[in-house]
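Structure, rendered in structure tokens:
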């Protein structure tokens, strides 16, 4: 499969068949449970974070306001009161790589989406450039050396079944 074939799969119908449209609820519940296991209740905060926009830059990089809220909760857990100055640090992660929120998925979640990605050059790239560069990177790797992160393997397998 090449770049042009791959680009045809970037659509709502394919995302639906692969199960992407139904991932949010179980992933949200998993995150709430993992944080609760550490004594941090984020259930209410999570609803607020995702109300109008995405709150993650990538799968493991939250926006600074999320980290700020979690830090406040950690201070509370220590029996202390956080300083209520309303000052949130600059979000340095917004300068790093960011994944796109595909428009069809964003629409289903009530947040804005686009096919604009930001790689390590800090320059936005469109879908065609992103897929093209991805192919270049993967083609430079010895066969069999690129494997999905264990948590995502089942999703990669689900997508593979629909290709």
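In our numbering, the protein residues as written are -17 to 145.
Cβ coordinates follow ideal geometry from the N, Cα and C atoms, glycine included.
- Between residue -16 and residue 112, the alpha-carbon positions lie close to 13 Å from each other.
- Per DSSP, the unbroken alpha helix (DSSP H) holding residue 58 starts and ends at 46 to 59.
- Inter-residue distance for residue 33 and residue 109 is about 26 Å (C-alpha atoms, whole angstroms).
- Residue 106 carries a strand assignment under DSSP once its states are collapsed to helix, strand and coil.
- With respect to the C-alpha of residue 65, the residue from 116, 51, 0 and -2 having the closest C-alpha is 51.
- Secondary structure at residue 122: coil, using DSSP grouped into helix, strand and coil.
- In this structure, DSSP gives residue -8 a state outside helix and strand, which the three-state scheme calls coil.
- In this structure, 28 is the residue among 3, 139 and 28 with its C-alpha nearest to the C-alpha of residue 15.
- With fewer than 16 other CB atoms across the displayed protein chains lying within 10 angstroms of its CB, residue 135 is exposed.
- In the DSSP assignment, residue 100 forms a beta bridge with 80 and 106.
- Counting the other CB atoms within 10 Å of its CB gives residue 82 a total of 16 or more, which places it among the buried residues.
- Closest option to residue 91, judged by alpha-carbon separation, among 128, 44, 126 and 36: 36.
- Straight through space, the alpha carbons of residue 17 and residue 118 are spaced by roughly 37 Å.
- Of the candidates -5, 7 and 106, the residue whose Cα lies closest to the Cα of residue 78 is 106.
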